[in-house]
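Colleague: Got a structure for you, written out below as structure tokens; questions coming shortly.
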Amino acid sequence: MSRLLWKKVAGAKVASGPVPATGRWVSSSVLDPVPSDGQPQSQMPSSENGQLRLNPLHIQMLSRGLHEQIFGCGGDVPDEAAVQRSIEHLRKHGLWGQPTTPLPDVQLRLPRLFGGNLDQHFRLLAQKQSLPYLEAAASLSEAQLPPQPRKWVWAEGWTRYGPEGEAEPVAIPEERALVFDVEVCLAEGTCPTLAVAISPSAWYSWCSRRLVEERYSWTSQLSPADLIPLGVSASASSSTQQDWQEQLVVGHNVSFDRAHIREQYLIQGSRMRFLDTGPAQKSPSNGRHSSVCSEQDTNISAGCMTRGTVGHK
Numbered sequence: 001m002s003r004l005l006w007k008k009v010a011g012a013k014v015a016s017g018p019v020p021a022t023g024r025w026v027s028s029s030v031l032d033p034v035p036s037d038g039q040p041q042s043q044m045p046s047s048e049n050g051q052l053r054l055n056p057l058h059i060q061m062l063s064r065g066l067h068e069q070i071f072g073c074g075g076d077v078p079d080e081a082a083v084q085r086s087i088e089h090l091r092k093h094g095l096w097g098q099p100t101t102p103l104p105d106v107q108l109r110l111p112r113l114f115g116g117n118l119d120q121h122f123r124l125l126a127q128k129q130s131l132p133y134l135e136a137a138a139s140l141s142e143a144q145l146p147p148q149p150r151k152w153v154w155a156e157g158w159t160r161y162g163p164e165g166e167a168e169p170v171a172i173p174e175e176r177a178l179v180f181d182v183e184v185c186l187a188e189g190t191c192p193t194l195a196v197a198i199s200p201s202a203w204y205s206w207c208s209r210r211l212v213e214e215r216y217s218w219t220s221q222l223s224p225a226d227l228i229p230l231g232v233s234a235s236a237s238s239s240t241q242q243d244w245q246e247q248l249v250v251g252h253n254v255s256f257d258r259a260h261i262r263e264q265y266l267i268q269g270s271r272m273r274f275l276d277t278g279p280a281q282k283s284p285s286n287g288r289h290s291s292v293c294s295e296q297d298t299n300i301s302a303g304c305m306t307r308g309t310v311g312h313k
């Protein structure tokens, strides 16, 4: 999947006029008489400009203008036998031939659609918005991960480890995709203590200043300086969400890790998105398995808090 492919597909599919029909049943702008006990149904008055559309069962549909914008002109003709079965079903329940009052038609000009129908429009729109994150996820799944460092640096902030284990301090991991994990010393509060991340090109570690600096006591009130910087901005003076680069962060129960990322508390937000591996490990069709996992997670967390050890998730 590539951006060039998206541009080619989207560019070729944008249409300014009505889109082609895609398997929709046709309906008339006025009511066609249908025999009911040998007598034709009385016709309902059509709305202005012939916009009123009724299906073969005399049910009001989208106005002609909206229908042509969404589904195009024409459509499939319903099977006569199916129509008759529906009429008999309605007659059986005393609903066939009941007088109805048509609702006023809506006159609305919709934006141009991507693709040939409404389904393609939203699929292409979703593909465009999610494409950077799908590419980032693919880069992680296809990457040959670098070797783990033999020695970790004891220093405040982020440290990057090269292919040979060489360490260098960095402000943030400037990567499009990361596998990320946070550790919190629960006995001392909710401040993030340690973090580790890995990308297709390097390992990263982060240490809290509360862990590295020697101080008698720390306030329990957290500030943005206590949280982990992780967002990559496109410019030093970023002020809107569009100024941030798309990033994908993968984690297990990643909502826990997300809560300790500094940029997640900015009013303007960022373009960072999260992929949780937790639900991927639990079969959606096996409720018992999910329940057991939840109980185990609760017991582990409770045990960590009781022992005062470093715990996470």
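Note that UniProt numbering gives residue 72 to position 72 of the sequence shown, counting from 1, and the numbers run on in steps of one.
For glycine and all other residues, C-beta sits at the position ideal for the given N, C-alpha and C.
1) Determine the burial state of Leu134: buried for a count of at least 16 other Cβ atoms within 10 Å of its Cβ, exposed for fewer.
2) Taking only three categories from DSSP, how would you classify Ala136?
3) CB-CB under 6 Å to Gly278, same chain, minus the five flanking residues each way: which ones, in chain order?
4) Within the same chain, show all residues whose beta-carbon is closer than 6 Å to that of Leu140, passing over the 5 residues directly before and after it, in chain order.
5) From the DSSP output, in three-state form, read off Ala225 for me.
6) Give a yes or no on whether the C-beta atoms belonging to Gly189 and Leu222 are separated by under 9 Å.
7) What does DSSP give as the partner residues of Leu207 in its beta bridges?
8) Locate the beta strand (DSSP E) running through Arg85, then write down its first and last residues.
9) Cβ atoms of Val179 and Thr193: under 9 Å apart, would you say?
10) Apply the 10 Å Cβ neighbour rule to Ile59 and answer buried if 16 or more other Cβ atoms are within range, or exposed otherwise.
11) Please confirm whether Thr146 and Ser201 have their CB atoms less than 9 Å apart.
12) Considering only residues of the same chain and omitting the five flanking positions on each side of Val83, which have a CB-CB separation below 6 Å?
13) Helix, strand or coil for Pro169? Go by DSSP, reduced to three states.
14) Which stretch, first to last residue, makes up the alpha helix (DSSP H) that contains Arg64?
15) Quick check: what's the CA-CA separation for Asp105 versus Arg271?
16) State the Cα-Cα distance for the pair Leu54 and Arg64, rounded to the nearest angstrom.
17) In terms of alpha-carbon separation, which member of Arg258, Glu175, Glu213, Val153 lies closest to Glu166?
18) Just curious, the alpha helix (DSSP H) that Gln247 is in, first and last residue?
19) Take Ala155 and list the residues in its own chain whose beta-carbon comes closer than 8 Å to its own, dropping the five residues that flank it on each side.
20) When the Cα atoms are used, what is the spatial distance from Ser268 to Asp243?
Modeller: Taking the geometry as given:
1) Exposed: under 16 other Cβ atoms inside 10 Å.
2) In the three-state scheme derived from DSSP, where H, G and I count as helix and E and B as strand, Ala136 is classed as helix.
3) Counting only Cβ-Cβ distances below 6 Å, and skipping sequence neighbours, we find His252, Asn253.
4) Excluding sequence neighbours, Leu140 sits near Ala177.
5) It is helical.
6) At a Cβ-Cβ threshold of 9 Å, Gly189 and Leu222 count as neighbours.
7) The amino acid occupying residue 207 in the given sequence is Cys; Leu does not appear at that position. Per DSSP, Gly157, Leu194.
8) Looking at the DSSP string, Arg85 is not in any beta strand (DSSP E); the run it does join, the alpha helix (DSSP H), is 80–92.
9) The answer is no: Cβ separation not under 9 Å.
10) With fewer than 16 other Cβ atoms within 10 Å, it is exposed.
11) Here the sequence assigns Pro to residue 146, which means Thr is not the residue at that position. Yes, Cβ-Cβ distance for Pro146 and Ser201 is below 9 Å.
12) Take Val83, set aside five residues on each side of it, and the residues of its chain with a beta-carbon closer than 6 Å to its own are Pro56, in chain order.
13) Pro169 falls in the strand class under three-state DSSP.
14) Secondary structure note for Arg64: its alpha helix (DSSP H) is the uninterrupted segment 64–71.
15) If you take the alpha carbons of Asp105 and Arg271, they lie about 40 Å apart.
16) Annotation: Leu54 to Arg64 spans about 10 Å, alpha carbon to alpha carbon.
17) The residue with the shortest Cα to Cα distance from Glu166 is Val153.
18) Taken as a continuous stretch (DSSP letters only), Gln247 belongs to no alpha helix (DSSP H), being part of the beta strand (DSSP E) at 247–251.
19) Cβ neighbours of Ala155 beyond the five flanking positions: Pro169, Cys207, Val212.
20) The question names Ser, but residue 268 is Gln in the sequence shown. Gln268 and Asp243 have their C-alpha atoms some 10 Å from each other.
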